[in-house]
Amino acid sequence: MASSRLVPLLVLILVVPSLGAPPNATAVVSRIAFGSCANQSAPQPVWEPILGFDPQVFIWLGDNVYGDNKRPSRVFGRERTVGPWRNLPRFYPATEEELRRKYELGKAVPGYAKLRETAQVIGTWDDHDYGLNDAGKEYSGKVFSQRLMLDFLDEAEDSSRRKQAGVYASYMYGPEGKRVKVIMLDTRYHRDPLLSDGTILGDPQWQWLERELHGPPSEITIIGSSIQVVSNLSATTGPLFYVESWARFPRERERLFRLIDSSKRNGVLFISGDVHFGEIARFDCGAQYPLYDITSSGLTQSVENSVPAIFQSVMRLLAWLTPTPMRVFNPNCRHKSCSYGQPNFGAIEIDWGAVPPKIKVELKDLQGNSVAGVEFPISELKPSDGHLNKTHGHSFERHCNLETELPWLVRRRLALLFFGTIAVFVVAVVLLGIGCLSATYMVTKYKAAAAKMTEIPMIDLRLASPEEAARLRDAARRLGCFRVTGHGVPRALQDDMKAAVRALFDLPDDAKRRNADVISGSGYVAPSETNPLYEAFGLYDAASPADVDNFCASLDAPPHIRETIRRYAEKTHELLMDVAAKLAASLGLEEEAGRSFQDWPCQFRINRYNYTPDAVGKAGVQVHTDSGFLTVLHEDDRVGGLEVADPDTGEFAPVDPLPGTFLVNLGDVATAWSNGELHNVRHRVQCVAAVPRVSIALFLLAPKDDMVRAPDAFVTAGRHRRFRTFGYDDYRRLRQSTGEHAGEALARLAA
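Numbered by mature numbering (1 follows the signal peptide of the UniProt record, and there is no 0), the letters in the sequence shown go through residues -20 to -1, 1 to 731 in order.
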């Protein structure tokens, strides 16, 4: 690190909460980043653009991890978690150990670890990292939760913040004339129940906040609130759903505005999170100058990514139609609604050298590009007779009608549109007499899946703890199916491979057919009378560079596609070996894990399902088990369809795509090799939408030359050898000759 960067960084590190700490008089802060809503188990590419912004301070605004637990969405059945008739809450709190583990996962994300080396990290919490969705002062785990949250932020052990009830704090940066004060509020520890119109902060925090606002002056005062202060949706989305915000506590919000106004403090602006979208709002009648609220949410969680891609444009249309009297509209917005429903972070840049000094606040996407922003002189945030003059960078609108003060018809526009659309649809269905059978099928399917939902375990391959090994072993024994993250296959390579695969399927038929079999079924499979919607490419041994080169050469693949396939085969083979070794080690076969599975062939299969409207609701691939040891599956991010059988009930449950992860299925060889300890999962593919579906599978088959036989460690006095020794090629022929592909053929080999 250059010495010019070292001195200000050391100064920043020494800044502590101003609960008695003096302001820093030397470090000029000009770049601050902030964000919220980061699922510790999801891919987090957002840290790369944040590092590119090079902030001196990063501010967490809550949901820094998702610490509570969530039950499956069930509308029907004995355990209903969704709808007005639900009898169980959707969320329930984690134990202290579970919450600690989730914080450790979040803290270990490589991009975030780099940020901690270059910027001071401060923050507050919201409900999910507090311990329970929408929780307030009634939450019983808040004491240990506060300790774990402050550990996550590397708060000093002797910090007064560890002794108080709540995580509120403030910080002062910069010399006189260039001071930036950051006030972090705690909207959870003392908050009364929703709809009570009670308190959010509690008396001790209100007294502290009054002292902070009346304390030493600063040119800019940033108030961080986990929930929106100047909100747009707290009233306008009801009764469909209600967004947490200060508007749910109108007396508290009015008290906050009065306190800011009476303090005569310059430069106050709010930053907030929670809502899974980004926007910039402004209230012109709360103080003697405009009060901005810059909402950045989330770093991983977003409203558009929570729905299929084909519905994302609908989400943007609804965002535009929803009344938003406080939102700032200007040409800097990417979308017409001036909201952004994809992952994002907030960025504040202060140009102290400008005359007069200026501040720019923006929301940035995963490429670091601005999606919304405003820029204005800092002097605009000072009490004056002309405080509502035109703001630099956008046309002036007077924002004085809070969303709770809108006329009823305007406030309920979204609900009226929603219920009106439903009414028109129902009438159309009745008049035309169509859709009834399809609706019945989908409801029945949803009821069965919701009542018997099988949760797919998530295994983080980066963790080497005994607990994670036990989770891997339990998932392999009970379900035979699990997801993996921390797998080492870059997201960019995954995307490049998907593009390469689609290019291969666009080749002429005569070119595709040059992908010949090495063993039966290992080459190109064309659509047929029995499977008219299915085609696939095959590569017998992805672990062999020569086989990979021959595969690409047979298809005349251009150089960039060859390189993509080569790198993808190499990285996924490493993943396959890692999973197999960890699985063997979890079963106590350390020697087997060390020896690895390097001599086992790894078959590559690239599948495309060319679904049509007539195919929706029908089978794409019939029920089967994989014949080999294990399969690493790269699913289509855009459309699901894969279903796995619950081993206890036999019911099939959908496996929704989770971008950035890989799905692992265990096959028949795994069951035989483990003497019945590992479960060969039955699965199928259903057509759920009339769009092409692509999947990429890598199969670890069986020993290339050896017979499939359970190691002696699995055969004990109380557990006899359950399967005869067999050759893998012979077993494949047995499955093909009998037509038994769902585990029945393996039963024929019982000892």
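Every residue, glycine too, gets a C-beta built ideally from N, C-alpha and C.
| request: Could you pull the start and end residues of the alpha helix (DSSP H) that residue 86 belongs to? | output: Counting along the chain, the alpha helix (DSSP H) containing residue 86 begins and ends at 76 to 87.
| said: Please identify the residue among 163, 167, 724 and 208 whose C-alpha is closest to the C-alpha of residue 193. | reply: 163
| said: Give me the residue from 563, 632, 90 and 199 with the minimum Cα distance to residue 455. | reply: 563
| said: Can you give me the C-alpha to C-alpha distance between residue 659 and residue 461, rounded to a whole angstrom? | reply: 8 Å
| said: Between the alpha carbons of residue 567 and residue 653, how many angstroms are there, rounded? | reply: 12 Å
| CB contact flag (residue 22, residue 280, <7 Å) | For the pair residue 22 and residue 280, the CB atoms are nearer than the 7 Å cut-off.
| query | Does the separation of the CB atoms of residue 242 and residue 273 fall below 7 Å? | reply | Not a contact, by the Cβ cut-off of 7 Å.
| query | Comparing alpha-carbon positions, which option in 355, 345 and 504 lies nearest residue 334? | reply | 355
| Whole-angstrom distance between residue 159 and residue 152, CA atom to CA atom | Looking at the two C-alpha atoms, the distance is approximately 7 Å.
| query | Are the beta-carbon atoms of residue 352 and residue 260 separated by less than 7 Å? | reply | Yes, they are a contact pair.
| query | How would you write the range of the alpha helix (DSSP H) that residue 95 sits in, first residue to last? | reply | First-last of the alpha helix (DSSP H) with residue 95: 90 to 98.
| message | I'd like the list of long-range same chain contacts for residue 315, defined as Cβ closer than 6 Å, with 5 residues on each side in sequence excluded. | response | 296
| For residue 597, which of 668, 200 and 203 has the nearest alpha-carbon? | 668
| message | With distance defined between alpha-carbon atoms, name the residue in 541, 646 and 706 nearest to residue 458. | response | Minimum Cα distance to residue 458 is reached at 646.
| said: If I measure Cβ to Cβ from residue 130 and keep anything under 8 Å in the same chain, skipping five residues before and after, which residues do I get? | reply: 139, 141, 142 and 147
| field | Sequence-distant residues of the same chain with beta carbon closer than 6 Å to residue 8, five excluded per side | value | These residues qualify, in order along the chain: 154 and 158.
| message | Let me confirm a value: residue 35 is counted as buried when at least 16 other C-beta atoms fall within 10 Å, else exposed. Which label applies? | response | buried
| query | Can you name the start and end residues of the alpha helix (DSSP H) that residue 653 belongs to? | reply | 648 to 653
| request: Please list, in chain order, all residues of the same chain as residue 278 whose beta carbon is under 6 Å from its beta carbon, the five residues on each side excluded. | output: Within the same chain, residue 278 has close Cβ partners 16, 17 and 256.
| task | Could you check what DSSP says for residue 295 in three-state terms: helix, strand or coil? | result | helix
| request: State the Cα-Cα distance for the pair residue 245 and residue 12, rounded to the nearest angstrom. | output: Put simply, the backbone Cα of residue 245 is about 20 Å away from that of residue 12.
| When 54, 108 and 690 are compared against residue 67, the one with the closest alpha-carbon | 54
| field | Sequence-distant residues of the same chain with beta carbon closer than 7 Å to residue 436, five excluded per side | value | 461, 462, 463 and 635
| task | Identify, in the order they occur along the chain, each residue of the same chain with its Cβ nearer than 7 Å to the Cβ of residue 533, setting aside the five sequence neighbours on each side. | result | none
| query | What alpha helix (DSSP H) runs, 4 residues minimum, are completely inside the segment 87 to 166? | reply | 90 to 98, 107 to 110 and 122 to 132
| task | Could you tell me if residue 545 is buried or exposed, where buried requires 16 or more neighbouring beta carbons within 10 angstroms of its beta carbon? | result | buried
| query | When the Cα of residue 29 is compared with those of 302, 584 and 343, which residue comes out closest? | reply | 343
| request: With a cut-off of 8 Å on the beta carbons, I'd call residue 324 and residue 247 a contact; round off their distance for me. | output: Going by Cβ atoms, the distance from residue 324 to residue 247 rounds to 24 Å, so no, they are not a contact pair.
| If we ignore side chains and look at the alpha-carbon of each, how far apart do residue 39 and residue 186 end up? | About 21 Å.
| query | Taking C-beta to C-beta, are residue 580 and residue 680 nearer than 7 Å? | reply | yes
| message | Runs of 3 residues minimum, wholly inside the segment 578 to 645: which ones carry the beta strand (DSSP E) assignment? | response | 582 to 589, 599 to 604, 610 to 614, 622 to 625 and 632 to 634
| query | According to DSSP, which residues form a beta bridge with residue 275? | reply | 252 and 259
| Any idea which residues DSSP pairs residue 553 with across the strands? | Residue 553 pairs with nothing; no bridge assigned.
| For residue 465, which of 671, 641, 205 and 698 has the nearest alpha-carbon? | 641
| task | Kindly indicate which three-state DSSP category residue 1 falls into: helix, strand or coil? | result | Caution applies to residue 1, whose pLDDT of 38 falls short of 50 and renders its modelled position unreliable; the value that the coordinates give is listed next. Note: residue 1 maps to coil in three-state DSSP.
| message | For residue 723, which residues in the same chain have their Cβ closer than 6 Å to its Cβ, ignoring the five residues on either side in sequence? | response | 605 and 660
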